[in-house]
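332 is the number that full-length UniProt numbering gives to position 332 of the sequence shown; each next residue is one higher, with no gaps.
Following: one structure in structure tokens, then a few remarks.
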Amino acid sequence: MRVGIVTATYLPSRNGVATSTALFARGLRERGHDVRIFAPRHPQVTAPEDGVYRLNSSFAGARALGAPADYPVMLAPGPLLTARLPLRDLDVLHTMHPFLAGGLALKWARLSGAPVVYTAHTQYDQYLHYAPMPERVGRAVLRPHVSAFARRVSAVLAPGQAMVDMLRAYGYGGAVELFPNPVDLAAFRAAEGAAFRAQFHVGPDTPLVVSLGRLAPEKNLDVMLRAFDQARASRPELRLLVVGDGPSRAGLQTRAPEGVTFTGPIPYARVPEALAAADAFVTASTSEVLPMSMIEALASGTPLVAARSPAALDLIAEGENGTVREPTPEALAGGLLDTLAPGQLPALKAGARASAARYDLPVRAQALEAVYERVLTARH
């Protein structure tokens, strides 16, 4: 098949959509498909990329919308650029965004007669505080738009139950298929964490908790730090590495308790060793859909201690690969202490690895191929 993926974010931007898109493209190509990615131009990309077609973008627009610093906003391509893009022979189009990128996918589908698949990745209500308008107004505009977009495509996928619930709340009543993101399990199974521990002065026998992701208000990071501080009152030897960057980092560092180290951002190639270094992965966020970092932690054999959210309930089998607790410092501290108990931890680590198998890239790529075949059959 000739597959066109229209995405508003792609590598080297670092977020779950960019990472999962690149993995799916790789998995589909390994299965023999021609995958063409249409993504915003990024200043760090200076050489041609095989199978990637860059569209004009704006960093000023990203800042105005409160987007991360490495997330350029896609601009609509003009007719001259569009005419040069390989669009007319596509068999299927896939987008993760109901706004400009999704609009382009629908427009380009008319050129080729291809069906459009939409993966709903983002709980947009959780990010309205970034928009330059009152949240009430943003919600009134956003919800009917997303619902209307979903009704125009041939298949709607959602990586977790949180997104199904969101689409229903937005007024979309059509079919939604649960479709988890992929992980390259081989990279995480082979990872060693000793060097990462040593870099941040964590001893090989020190119980280590890791948090990994964007440091932003919606991640509930103050609760996470207070939970760690409470757990450390019972086990003073505990350490926490906060891996990542974002607008909340400076403020968090000034009020972080003892035992916490902020590593800053790390290259994605080092994520497996960061997660392999950990004895537990902690998140207090209640806004996650099905975050790559949590799946990657499981693949690394690192059990999850997570605040109650649809994503946590999707991923965690209580007492097998982690624990779900209420989003309070007291509850999460208890979860950390229970998970890190020496008698409990080895079984949880083994359970974490086993539970990650269904997210392996070859499994997910084959499943996506089946979705494409189904919508093509329906179209014909």
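The beta-carbon is built from N, C-alpha and C at its ideal position, and this holds for glycine as well.
Being a predicted model, the structure only gives us computed values, none of them experimental.
Residue i - DSSP class collapsed to helix/strand/coil
i	result
Val-164	helix
Arg-353	helix
Arg-63	Model confidence at Arg-63 stands at a pLDDT of 49, short of 50, so the residue's coordinates are unreliable and nothing is read from them.
Glu-192	coil
Tyr-172	coil
Asp-184	coil
Arg-325	strand
Leu-348	helix
Gly-343	coil
Phe-99	coil
Asp-125	helix
Thr-377	helix
His-94	strand
Tyr-10	coil
Burial state of residue i (16 or more Cβ within 10 Å)
i	result
Ile-5	buried
Glu-192	exposed
Asp-89	exposed
residue 387	The structure shown does not extend to residue 387, since the chain is modelled only from 1 through 380, so no value can be given for it.
Pro-303	buried
Asn-15	buried
Leu-80	exposed
His-380	exposed
Asp-50	exposed
His-201	exposed
Asp-205	exposed
Glu-296	buried
Ser-234	exposed
Pro-159	buried
Glu-326	exposed
Sub-9 Å separation of residue i and residue j beta-carbons
i	j	result
Ala-299	Ala-356	yes
Arg-315	Val-210	For the record, residue 315 in the displayed sequence is Leu; it is not Arg. Not a contact, by the Cβ cut-off of 9 Å.
Thr-263	Gly-251	no
Leu-212	Val-271	yes
Tyr-372	Val-3	yes
Ala-8	Ala-148	no
Val-324	Glu-330	no
Val-242	Ala-284	no
Leu-376	Pro-115	yes
Asp-125	Leu-142	yes
Arg-36	Leu-106	no
Tyr-172	Ala-140	no
Proximity winner among the options, relative to residue i (alpha-carbon distances)
i	options	result
Asn-181	Met-294, Ser-58, Arg-54	Met-294
Pro-162	Pro-291, Ala-297, Gly-16, Gly-27	In the sequence on display, residue 162 carries Ala and not Pro. When only C-alpha atoms are compared, the closest one is Pro-291.
Gly-322	Leu-225, Leu-221, Ala-312, Val-73	Ala-312
Thr-286	Leu-167, Thr-82, Pro-310	Pro-310
Thr-95	Leu-332, Thr-377, Leu-368, Ala-378	Leu-368
Thr-46	Asp-165, Leu-11, Glu-135	Leu-11
Ala-227	Arg-214, Gly-259, Ala-198, Asp-205	Gly-259
Leu-332	Gln-199, Asp-229, Phe-188	Asp-229
Glu-320	Ala-347, Pro-342, Leu-167, Arg-110	Ala-347
Lys-219	Gly-335, Val-52, Thr-119, Gln-123	Gln-123
Pro-257	Arg-152, Asp-50, Arg-239	Arg-239
His-145	Leu-167, Ala-175, Ala-158	Leu-167
Arg-189	Tyr-53, Ala-352, Ser-248, Asp-165	Ala-352
His-97	Pro-77, Val-73, Gly-78	Val-73
Val-164	Arg-139, Arg-110, Tyr-118	Tyr-118
Arg-336	Pro-43, Ala-269, Gly-78, Ala-231	Arg is not the amino acid found at residue 336; the sequence shown has Leu there. Comparing Cα-Cα distances from Leu-336 to each of Pro-43, Ala-269, Gly-78, Ala-231, the minimum goes to Ala-231.
Leu-185	Arg-136, Thr-339, Leu-23	Leu-23
Tyr-71	Ala-39, Ala-150, Gln-366, Gly-171	Ala-39
residue 381	Pro-207, Arg-249, Leu-221, Leu-225	Since the first residue shown for the chain is 1 and the last is 380, residue 381 is missing from the structure and cannot be characterised.
Pro-77	Phe-59, Pro-342, Trp-108, Ala-175	Trp-108
Element boundaries [alpha helix (DSSP H), containing residue i]
i	result
Ile-295	292–299
Phe-228	221–234
Phe-24	16–30
Asp-34	First-last for Asp-34: 34–40, but that is the beta strand (DSSP E), not the alpha helix (DSSP H).
Leu-313	310–315
Thr-252	In the sequence on display, residue 252 carries Leu and not Thr. Counting along the chain, the alpha helix (DSSP H) containing Leu-252 begins and ends at 249–254.
Ala-284	Segment: none, Ala-284 is in no alpha helix (DSSP H) and carries neither H nor E.
Val-271	271–276
Leu-81	79–84
N-terminal and C-terminal residue of the beta strand (DSSP E) that residue i is part of
i	result
Leu-212	208–212
Val-156	155–158
residue 382	The requested residue 382 does not occur in the structure, where the chain is confined to residues 1 to 380.
Tyr-53	52–55
Thr-263	260–264
Ser-307	Here the sequence assigns Ala to residue 307, which means Ser is not the residue at that position. From DSSP, the beta strand (DSSP E) with Ala-307 extends over 304–307.
Val-242	239–243
Residue i: CB within 8 Å of a non-hydrogen atom of the ligand ZN
i	result
Pro-77	What this structure holds is no ligand at all, so the ligand ZN is not there to describe.
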